[in-house]
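Only one structure is covered here, and it is reproduced in the block below.
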Amino acid sequence: MDSSSEYSLHHPKWHRDRTPIFWWVKRWVYICFIGREMTSVAVAYCAVLLTMVYRALQSGPEAYAALMSLMSHPAIIVLHVFALLAVLYHSITWFNLSPKAMVFRFGRWRVPDLMISGGNYAAWLLISGGIAWAYATG
Amino acid sequence: MSAMKKSSDPFWWTLFGAGGAMTAMLVPMLLFLIGVATPLGWIEGPSYASVSQVMLHPLTKIAAFFLISLSLFHWAHRFRFTLYDGLQLKHLFQLIAVICYGAAVAGSLVAASVIW
Chain A
324 MDSSSEYSLH HPKWHRDRTP IFWWVKRWVY ICFIGREMTS VAVAYCAVLL
374 TMVYRALQSG PEAYAALMSL MSHPAIIVLH VFALLAVLYH SITWFNLSPK
424 AMVFRFGRWR VPDLMISGGN YAAWLLISGG IAWAYATG
Chain B
191 MSAMKKSSDP FWWTLFGAGG AMTAMLVPML LFLIGVATPL GWIEGPSYAS
241 VSQVMLHPLT KIAAFFLISL SLFHWAHRFR FTLYDGLQLK HLFQLIAVIC
291 YGAAVAGSLV AASVIW
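The listed protein sequences derive, respectively, from chains A and B. For the first sequence, the residue numbers in this note's numbering are 324 to 461. For the second sequence, the residue numbers in this note's numbering are 191 to 306.
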């Protein structure tokens, strides 16, 4: 392509068959792919939840207690169970893909994929354990 | 291909990646404790006094802001491309990008004003 030509994302002349919206339900790997991408909705929800926790904390003990009792509503617990499954799926797929994004070399030796994802899982366990310990001991 | 050189994708991808890594490490355990284990009575949640002591510490506030903001940018990037590919909305390229990243920026500002 010469430098004077405009870069066009979608060539207007080509005929394209319209892809159906649910193209991805036909194969399991595509469902997993869309599922993995949709875990980001649960991640965003958790950001909103953390903001709500901060608002309650800043408003005082009554507001915090009110938020905690809202969190005990069965429908909210069910929502959080699904959100938890989604963020777990996010973590697992993220750590499994981490060797693709993180490449470490020492001279000619490249750190094997298994060590990189294993390191991520080890860090995950340590951090999660630390959070749980801090939470349980108050 | 001048338009390719000016692409801002590496910038958004960096925010996406940072948010993905941070949330993958922190969010499952936090959500399990706050959203599932405590409401079901499996563990007793810490008191308001100790939660606020930890969460309102200046360093925790900074960390929480980064967690919230990067989570939103992580969502914005993934959701944007899911709309393009999943729902075949490539013709709404710019509109979707503006809405997604705009929501992440707005959410980050709201979070900052709530936290501080």
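In this text, a Cβ means the ideal position worked out from N, Cα and C, and glycines have one as well.
When 7 Å is used as the limit between beta carbons, residue 355 of chain A is near no residue of chain B, the shortest such separation being about 13 Å.
Around residue 286 of chain B, no beta-carbon contact reaches into chain A at under 9 Å, the shortest distance being about 13 Å. The C-alpha of residue 287 of chain B is placed about 41 Å away from the C-alpha of residue 430 of chain A. Within chain B, no residue has its beta carbon less than 7 Å from that of residue 456 of chain A; the closest one is some 10 Å off. The segment 255 to 272 of chain B and the segment 365 to 375 of chain A touch, with three or more beta-carbon pairs separated by less than 8 Å. Beta-bridge analysis with DSSP links residue 432 of chain A to A:429. Using a CB distance cut-off of 9 Å, residue 205 of chain B does not count as an interface residue toward chain A.
Judged by DSSP in its simplified three-state form, residue 350 of chain A adopts coil rather than helix or strand. Distance from the CA of residue 428 of chain A to the CA of residue 434 of chain A, rounded to the nearest whole angstrom, comes to 6 Å. Non-local beta-carbon contacts of residue 444 of chain A in its own chain, meaning distances under 6 Å to residues more than five positions away in sequence, involve 418 in chain order. Close partners of residue 461 of chain A in chain B (Cβ separation under 8 Å): 236, 237, 240.
DSSP, reduced to helix, strand and coil, places residue 199 of chain B within a helical segment of the structure shown.
For the pair residue 411 of chain A and residue 245 of chain B, the CB atoms are not nearer than the 9 Å cut-off. Taking the C-beta atoms as reference points, residue 207 of chain B is found no nearer than 9 Å to residue 265 of chain B. Residue environment: residue 438 of chain A is assigned as exposed (fewer than 16 neighbouring CB atoms within 10 Å of its CB, all protein chains considered).
Taking CB atoms only, residue 384 of chain A has a neighbour in chain B less than 9 Å away.
Residue 229 of chain B sits buried, since 16 or more C-beta atoms from the chains shown fall within 10 Å of its C-beta. Residue 301 of chain B and residue 263 of chain B have their C-alpha atoms some 13 Å from each other.
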